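A.B. asks: In numbering that gives the first Met the number 0, the protein residues as written are 0 to 276. Where is the CB? At the ideal position from N, CA and C, for every residue including glycine. What you are looking at is a predicted structure, and each value in this text was computed from that prediction instead of being measured. Please find one structure pasted underneath; my questions will follow.
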Amino acid sequence: MRLREAWARSRRQLERASIPDADIEAQVLLRNTLGIDRATFHASLDRELSDEDAEAFERSVQRRIEGEPLSYITGHREFYGLDFVVTPDVLVPRQETELLVEAVLEYARSRGGDEDAISIADIGTGSGCVAVALGAHMSNATVYATDVSEGALCVAGENVRRHGLDGRVRLRHGDLFEALDGPVDVVVSNPPYLSEEEAVDLPLDVQREPRVALVAGSDGMDVLLRLIVGAREYVKPGGLLALEIDPRRVEAVERLARGTFPGGEIGVIKAHAGLER
0 MRLREAWARS
10 RRQLERASIP
20 DADIEAQVLL
30 RNTLGIDRAT
40 FHASLDRELS
50 DEDAEAFERS
60 VQRRIEGEPL
70 SYITGHREFY
80 GLDFVVTPDV
90 LVPRQETELL
100 VEAVLEYARS
110 RGGDEDAISI
120 ADIGTGSGCV
130 AVALGAHMSN
140 ATVYATDVSE
150 GALCVAGENV
160 RRHGLDGRVR
170 LRHGDLFEAL
180 DGPVDVVVSN
190 PPYLSEEEAV
200 DLPLDVQREP
210 RVALVAGSDG
220 MDVLLRLIVG
230 AREYVKPGGL
240 LALEIDPRRV
250 EAVERLARGT
260 FPGGEIGVIK
270 AHAGLER
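So this is what it looks like as structure tokens:
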């Protein structure tokens, strides 16, 4: 079977399984199987697949049809222009979370000449994508990447090393703020923010991701509440607390933040789809 035939066949299989972006995902799975980049892929459409490669590719397509996230199959995900190792121990990095990185970088620039001399805590770091992206763009920053999951910290550690950020990004094990020694300039987090009821209707592939990274009690506010209240002690005066939230939580989070930080500047950023995050 030629590469173009395998691509077309797998695209149809994924479409029948209602996989979004079936054409792109089929290509990604095929490139991952063969270990080739996009340019090589398009230059090799008439290449004959070996029986071994064809079987391996078919297995990966079947895994995707059964609901396994694409990034768990390939073991990688791009985030903020960087490549990250991803396993079932961590949430798959998402484009909207890049807004957290941009918010922290903008805050650092607003500090003026001392923009890089800054301490940051990424609470619930998961794959380490936010911490690594910040460390890669802020040469004099110290970023503490914390997580309650040792499995997640192993993945984050691999990503810290692969991007050469040992020392600048420091891993800490613990639940939320207990992993920190004291206050920092910035606390950033993409915490679990879905309710138990909302989690029932998640797509099959999202249901395969760590539940602890998605669901936060009956109203989705359990972890957000602890983060906002705890930030009074762990964010330095004039510092920043940057959180990703579900659009359905915006009003409740704003109300909680205003009550916790009277006189503080509270802002909501709209994601690329126009939703408040």
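Considering Val-27, what are the terminal residues of the alpha helix (DSSP H) in which it resides?
C.D. replies: Here the alpha helix (DSSP H) through Val-27 covers 21–33.
A.B. asks: With Thr-286 as the anchor, note down where its beta strand (DSSP E) starts and where it stops.
C.D. replies: Outside the shown range of the chain, which is 0 to 276, sits residue 286, and nothing can be said about it.
A.B. asks: In this structure, how does DSSP classify Ala-120 when only helix, strand and coil are distinguished?
C.D. replies: Strand.
A.B. asks: Whole angstroms is fine: what's the gap from Glu-14's alpha carbon to Leu-203's?
C.D. replies: Straight-line Cα distance between these residues: approximately 15 Å.
A.B. asks: Please work out which residues of its chain come closer than 8 Å, Cβ to Cβ, to Arg-257, disregarding the five sequence neighbours upstream and downstream, and give them in chain order.
C.D. replies: Same-chain partners within the cutoff: Gly-263, Ile-265.
A.B. asks: What are the start and end residues of the beta strand (DSSP E) that includes Asp-82?
C.D. replies: It spans 81–84 - the beta strand (DSSP E) in which Asp-82 sits, taken as one unbroken run.
A.B. asks: Taking 8 Å as the cut-off, does the stretch 205–217 touch the stretch 130–143 (at least 3 CB pairs, one atom from each stretch)?
C.D. replies: They do not touch, by the three-pair rule.
A.B. asks: Taking C-alpha atoms, which residue in Ser-109, Pro-19, Ser-126 lies nearest to Gly-74?
C.D. replies: The candidate whose alpha carbon is nearest that of Gly-74 is Ser-126.
A.B. asks: How far does the beta strand (DSSP E) with Phe-286 in it extend, from its first residue to its last?
C.D. replies: Coverage of the chain is limited to positions 0 through 276, which leaves residue 286 absent and any answer about it impossible.
A.B. asks: Would you tell me roughly how many angstroms separate the C-alpha atoms of Ala-130 and Val-168, rounded to the nearest one?
C.D. replies: Their backbone Cα atoms lie some 7 Å apart in a straight line.
A.B. asks: Which term fits Thr-39, buried or exposed, when burial requires 16 or more other beta carbons within 10 angstroms of its beta carbon?
C.D. replies: Classification of Thr-39: exposed, given that the 10 Å Cβ count is below 16.
A.B. asks: Within the chosen definition, does the stretch 143–154 reach the stretch 84–94 through at least 3 CB pairs nearer than 8 Å?
C.D. replies: Contact between the stretch 143–154 and the stretch 84–94 is present, because at least three Cβ pairs lie under 8 Å.
A.B. asks: The alpha helix (DSSP H) spanning Val-252 covers which residue range?
C.D. replies: Here the alpha helix (DSSP H) through Val-252 covers 249–259.
A.B. asks: With distances taken Cα to Cα, identify the nearest neighbour of Gly-238 among Val-103, Leu-29, Val-267.
C.D. replies: Among Val-103, Leu-29, Val-267, the Cα nearest to that of Gly-238 belongs to Val-103.
A.B. asks: Once DSSP output is grouped into helix, strand and coil, what is the label at Asp-221?
C.D. replies: Asp-221 falls in the helix class under three-state DSSP.
A.B. asks: Run the proximity test for Leu-203: is its beta-carbon closer than 6 Å to any non-hydrogen atom belonging to the ligand SAH?
C.D. replies: The ligand SAH is absent from the structure shown, which contains no ligand whatsoever.
A.B. asks: If you measure between the beta carbons of Val-84 and Asn-158, is that distance less than 7 Å?
C.D. replies: Cβ distance < 7 Å, so Val-84 and Asn-158 count as in contact.
A.B. asks: Spatial neighbours of Ala-16 within its chain, please: C-beta separation below 7 Å, excluding the five flanking residues on both sides.
C.D. replies: Within the same chain, Ala-16 has close Cβ partners Ile-64.
A.B. asks: DSSP beta-bridge partners for Asp-165?
C.D. replies: Bridge partners of Asp-165: Val-168.
A.B. asks: Would you report the Cα separation of Val-60 and Pro-68, rounded to the nearest angstrom?
C.D. replies: Approximately 11 Å, taken between the alpha carbons.
A.B. asks: Considering only residues of the same chain and omitting the five flanking positions on each side of Tyr-71, which have a CB-CB separation below 6 Å?
C.D. replies: Closer than 6 Å at Cβ, skipping near neighbours: Pro-87.
A.B. asks: At the level of alpha carbons, what is the spacing between Leu-201 and Ile-244?
C.D. replies: Their Cα atoms are separated by approximately 16 Å.
A.B. asks: Do you know offhand how far Leu-81's Cα is from Ala-132's?
C.D. replies: Going by the C-alpha atoms only, they are around 7 Å apart.
A.B. asks: By a C-beta neighbour count over all protein chains shown, 10 Å radius and 16 as the cutoff for buried, is Arg-93 buried or exposed?
C.D. replies: Exposed.
A.B. asks: Would you report the Cα separation of Ala-215 and Thr-145, rounded to the nearest angstrom?
C.D. replies: Near 18 Å, if we compare the C-alpha coordinates of Thr-145 and Ala-215.
A.B. asks: Under the assumption that Val-27 contacts Ile-119 (Cβ atoms under 8 Å), give the Cβ distance between them as a whole number of angstroms.
C.D. replies: Contact flag wrong, Cβ pair sits at about 32 Å.
A.B. asks: What are the boundary residues of the beta strand (DSSP E) that Arg-76 is part of?
C.D. replies: Looking at the DSSP string, the run of the beta strand (DSSP E) that includes Arg-76 is 75–78.
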